[in-house]
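Visitor:
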Amino acid sequence: MNREGDRVLSNKNNSNFMIRRLHSLIAVIPVGIFVCVHMLLNSSVFISGNESYLALINFMKTAPFVVILEVVVIAIPIIFHGLYGIYIVYLAKNNALKYTYYRNWAFYLQRITALIVLVFLIWHVWVLRLSTHEPQLVINTLAGLLHNPVTFALYIIGVVASMYHFANGLFTFCITWGICVGDRSQKVFATVAGAFFVLISLFAIAILVKISIMPLA
Amino acid sequence: MVNPQFIHLKVKRRSNPTAAPYWEEFKVPYQPNMNVVSVLMEIRKNPINAKGEKVDPVVWECNCLEEVCGACTMLINGVPRQSCSALTDKLLEQYGENNVITLEPLTKFPVIRDLMIDRQLMFDNLKKVKAWVPVDGSWAIGRGPRLADKVHQWAYPISRCMTCGCCMEACPNVNSKSKFIGPAAVAQVRLFNAHPIGAMHKDMRLEQLVKKGGIQECGNAQNCKRVCPKNINLTAHLAAMNRQTNGYGFRQFLMGDK
Ligand code: SF4
Ligand code: SF4
Ligand code: FES
Chain A
4 MNREGDRVLS NKNNSNFMIR RLHSLIAVIP VGIFVCVHML LNSSVFISGN
54 ESYLALINFM KTAPFVVILE VVVIAIPIIF HGLYGIYIVY LAKNNALKYT
104 YYRNWAFYLQ RITALIVLVF LIWHVWVLRL STHEPQLVIN TLAGLLHNPV
154 TFALYIIGVV ASMYHFANGL FTFCITWGIC VGDRSQKVFA TVAGAFFVLI
204 SLFAIAILVK ISIMPLA
Chain B
1393 MVNPQFIHLK VKRRSNPTAA PYWEEFKVPY QPNMNVVSVL MEIRKNPINA
1443 KGEKVDPVVW ECNCLEEVCG ACTMLINGVP RQSCSALTDK LLEQYGENNV
1493 ITLEPLTKFP VIRDLMIDRQ LMFDNLKKVK AWVPVDGSWA IGRGPRLADK
1543 VHQWAYPISR CMTCGCCMEA CPNVNSKSKF IGPAAVAQVR LFNAHPIGAM
1593 HKDMRLEQLV KKGGIQECGN AQNCKRVCPK NINLTAHLAA MNRQTNGYGF
1643 RQFLMGDK
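This is the structure we're talking about:
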């Protein structure tokens, strides 16, 4: 009989339960926290443009063991979340066109934005961290990218997709960790996550626009 | 009021589990107050398709005829639901008098023939999670403590699950690539873990939910709750079971506690 895969639970204890939970946890701690700090630092361009930004970056670079922190707190968690995430994207058989409920679309978009963010991050990290390093050069490169309408648009897409993935992920995080259980708490938190998405996206876009209208060095 | 001449059906058929599926249309003389089961019974009486050819009658399953057994579940106009409670007048009202009602077997279960599927998977999963209260022993253990009314309020609706499989059908994470047990069995664990005597086997049930294909495969698409004909609040039960399994998983991870 063509059993569509044997979906009865297996008895072998090669469970991915802990990996899935870790995948969910590290996306918020530390990656989510890092994203917030990252954006806060970027927003220093609002103070006095280039100068305040440079001053802040130079200050950050003086932190002890900054490279080790970058690898342990940022790079490893993101790479793990990204690689295991590709597998999760593969696992779903999306049916948003058939079941057009709002949460089903959110689920589908979470997977689409996952792939967009992955490509965006590789580009972002390569251009602004790995291939350039020196703070003045970094900001010049970024300003250059944001002055070009095509790369500006790509940046907006990448950043908004990241914020969606972050906000919707926070919502499902609360279910995965049994924080929001009942209908009411899920509804309230869905609204909170939606508002968070709008606000943090506008904040991020404002930073990008601000840099794009700063004079090129 | 709808009053068409015919009820126009389009059925996705298959003569055996491995045969290729094909569509066949039927025009059944309209009668008021029919449901999809009674339309199929008319076809069985007089198995002539819309082209006037004599064909094998359409095969499907049903038992209770009152939406409590789940046997008659199929896709009706693309929606997983019970054919006994799918009233044709309502369907014609909802989709329009000239609408062709499409019937397809569920896609997440093996098809035996036409609209008849094999839901064995649902029952196997109930066995895995021990979805019962074990009371059989060598002596009578007497009546258990009563459930508080507050618990009863949310627990009783879970017991209305008829293992129909609608939730499995709609879930994007139940498919041939994943081993996900699906939301129905997860909700049953919540029910039986809440029972004072059932709770004695709590960890055995939780152990099943953290295995491969366990609750971790849920991606919160929440389709399951939308399609459940018994209005079981599956998303709340999934979240509550996330809480229980996390506790269990970490206890076990930290202390090797079985
Ligand atoms: S939970 Fe609802 S949809 Fe799922 S099997 Fe039970 S009754 Fe059917
Ligand atoms: S909430 Fe979980 S179980 Fe329900 S449809 Fe979504 S992925 Fe499937
Ligand atoms: S025949 Fe039992 S649910 Fe339809």
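For the protein sequence lines, the chains are A and B, in the order given. If you count the first sequence from 1, you need to add 3 to reach this note's numbering. If you count the second sequence from 1, you need to add 1392 to reach this note's numbering. Just so you know, even glycine gets a beta-carbon here, dropped at the ideal spot from N, CA and C. Model, not experiment: these values are computed from the prediction.
Does the beta-carbon of W204/A have 16 or more other beta-carbons within 10 angstroms, so that it is buried, or is it exposed?
Guide: A quick correction: the sequence has Ser, not Trp, at residue 204/A. Flag for S204/A reads buried.
Visitor: With DSSP as the reference, label F1418/B as helix, strand or coil.
Guide: Correct three-state label for F1418/B: strand.
Visitor: Using only CA atoms, which one of H1400/B, M1466/B, N1395/B, P1439/B lies nearest to V1619/B?
Guide: Here the closest residue by C-alpha is M1466/B.
Visitor: Taking the straight line between their C-alpha atoms, what separation do you get for V1420/B and V1492/B?
Guide: Roughly 11 Å between the two C-alpha positions.
Visitor: Can you tell which of V92/A, L94/A, Y111/A has its C-alpha closest to the C-alpha of K101/A?
Guide: Looking at the Cα atoms, Y111/A is the closest of the given residues.
Visitor: Just the C-alpha distance for I142/A and L219/A, rounded to the nearest angstrom, thanks.
Guide: Spanning the two alpha carbons is a distance of roughly 9 Å.
Visitor: Below 8 Å on the Cβ atoms is my contact criterion, and I expect V1503/B with S1475/B to pass it. Report the Cβ-Cβ distance as a whole number of Å.
Guide: Incorrect: roughly 15 Å between the Cβ atoms, too far for contact.
Visitor: So which residues on chain B does G185/A lean against when the C-beta distance must stay under 7 Å?
Guide: Residues of chain B passing the Cβ test: A1628.
Visitor: Assuming L1583/B and C1610/B make a contact with CB atoms under 8 Å, what is their CB distance in whole Å?
Guide: Actually they do not touch by this definition, with Cβ atoms about 17 Å apart.
Visitor: Please tell me whether, using a cut-off of 7 Å, the distance from the CB of C1556/B to the nearest non-hydrogen atom of ligand 2 is below it.
Guide: Not under cutoff, so the answer is no.
Visitor: Would you mind reading off the limits of the beta strand (DSSP E) that contains T1465/B?
Guide: T1465/B -> beta strand (DSSP E) spans 1465–1468.
Visitor: How would you label N19/A, buried or exposed, when you count the other beta carbons within 10 angstroms and need 16 or more for buried?
Guide: With 16 or more Cβ atoms within 10 Å of its Cβ, N19/A is classed as buried.
Visitor: Compare the C-beta of V11/A with all C-beta atoms of chain B and state if any pair is closer than 8 Å.
Guide: Only weak support exists for where V11/A lies, its pLDDT of 47 falling under 50; the coordinates are left without a value.
Visitor: Would you say K1402/B lies against chain A (beta-carbon separation less than 8 Å)?
Guide: Answer no: the Cβ-Cβ gap between K1402/B and chain A never drops below 8 Å.
Visitor: What separation, rounded to the nearest whole angstrom, lies between the Cα atoms of E1416/B and T194/A?
Guide: Cα-Cα distance, rounded: 46 Å.
Visitor: Would K1500/B and M1560/B qualify as a contact pair, given that the criterion is a beta-carbon distance under 8 Å?
Guide: Yes.
Visitor: Alpha carbon to alpha carbon, how far is T1494/B from P1424/B? Give it in angstroms, no decimals.
Guide: Cα to Cα, P1424/B sits roughly 19 Å from T1494/B.
Visitor: Under 8 Å, do Y1548/B and D1595/B count as touching if we go by C-beta distance?
Guide: Not closer than 8 Å, so no.
Visitor: Tell me the DSSP secondary structure of L131/A in three-state form.
Guide: Residue state, collapsed to three classes: helix.
Visitor: Please classify C1556/B: is it buried, with 16 or more other beta-carbons within 10 angstroms of its beta-carbon, or exposed?
Guide: With 16 or more Cβ atoms within 10 Å of its Cβ, C1556/B is classed as buried.
Visitor: Return the chain-ordered ranges of every alpha helix (DSSP H) run that is complete within the segment 1505–1541 of chain B and spans a minimum of 4 residues.
Guide: Those alpha helix (DSSP H) runs which fall completely within the segment 1505–1541 of chain B and span 4+ residues are 1512–1520.
Visitor: Would A164/A and V120/A be called neighbours here (beta carbons separated by less than 8 Å)?
Guide: Against a cut-off of 8 Å, the Cβ pair of V120/A and A164/A comes out as a contact.
Visitor: By the three-class DSSP mapping on this structure, what secondary structure does H1587/B have?
Guide: Here H1587/B sits in coil by DSSP.
Visitor: At a cut-off of 7 Å, would you count G1462/B as near ligand 1, judging by its Cβ distance to the nearest heavy atom?
Guide: It does: the Cβ of G1462/B is within 7 Å (strictly closer) of some heavy atom of ligand 1.
Visitor: Using Cβ-Cβ distances below 7 Å, what residues of the segment 166–183 of chain A are close to chain B?
Guide: Within the segment 166–183 of chain A, the residues whose Cβ lies closer than 7 Å to some Cβ of chain B are T175, I178, T179, W180, G181, C183, listed in chain order.
Visitor: Alpha carbon to alpha carbon, what distance is there between Q1636/B and R24/A?
Guide: Taking the straight line from one Cα to the other gives about 13 Å.
Visitor: Could you check if V38/A is buried or exposed, using at least 16 other CB atoms within 10 Å of its CB as the buried criterion?
Guide: Buried: at least 16 other Cβ atoms inside 10 Å.
Visitor: According to DSSP, which residues form a beta bridge with K1404/B?
Guide: The partner list for K1404/B (beta bridge, DSSP) reads W1415/B.
Visitor: Is it buried or exposed for R114/A, if we count other Cβ within 10 angstroms and need 16 for buried?
Guide: Buried.
Visitor: Counting only beta-carbon atoms, is M1647/B nearer than 8 Å to chain A?
Guide: False, the Cβ-Cβ gap to chain A never drops below 8 Å.
Visitor: Excluding five sequence neighbours on each side, which residues of the same chain lie with their C-beta closer than 7 Å to the C-beta of V1451/B?
Guide: The residues are R1505, D1506, L1507, M1508.
Visitor: Using a Cβ-Cβ distance cut-off of 8 Å, determine whether F1398/B contacts chain A.
Guide: With 8 Å as the cut-off, F1398/B does not count as an interface residue toward chain A.
Visitor: Can you tell me which residues fall inside 7 Å of ligand 2, judged by beta-carbon distance to its nearest heavy atom, and keep chain order?
Guide: Listed by chain position, these are F110/A, C1559/B, A1562/B, C1563/B, P1564/B, N1565/B, V1566/B, G1574/B, P1575/B, C1610/B, G1611/B, N1612/B, A1613/B, Q1614/B, N1615/B, C1616/B, K1617/B, L1626/B, T1627/B, L1630/B.
Visitor: Return yes when the Cβ of F1645/B is within less than 8 Å of the Cβ of M21/A, no when it is not.
Guide: In contact: M21/A and F1645/B (Cβ atoms closer than 8 Å).
Visitor: Using a threshold of 8 Å, state whether the C-beta atoms of P67/A and V34/A are closer than that.
Guide: No, these two residues do not count as a Cβ contact at 8 Å.
Visitor: Which residues mark the beginning and the end of the beta strand (DSSP E) in which I1493/B is found?
Guide: First-last of the beta strand (DSSP E) with I1493/B: 1493–1496.
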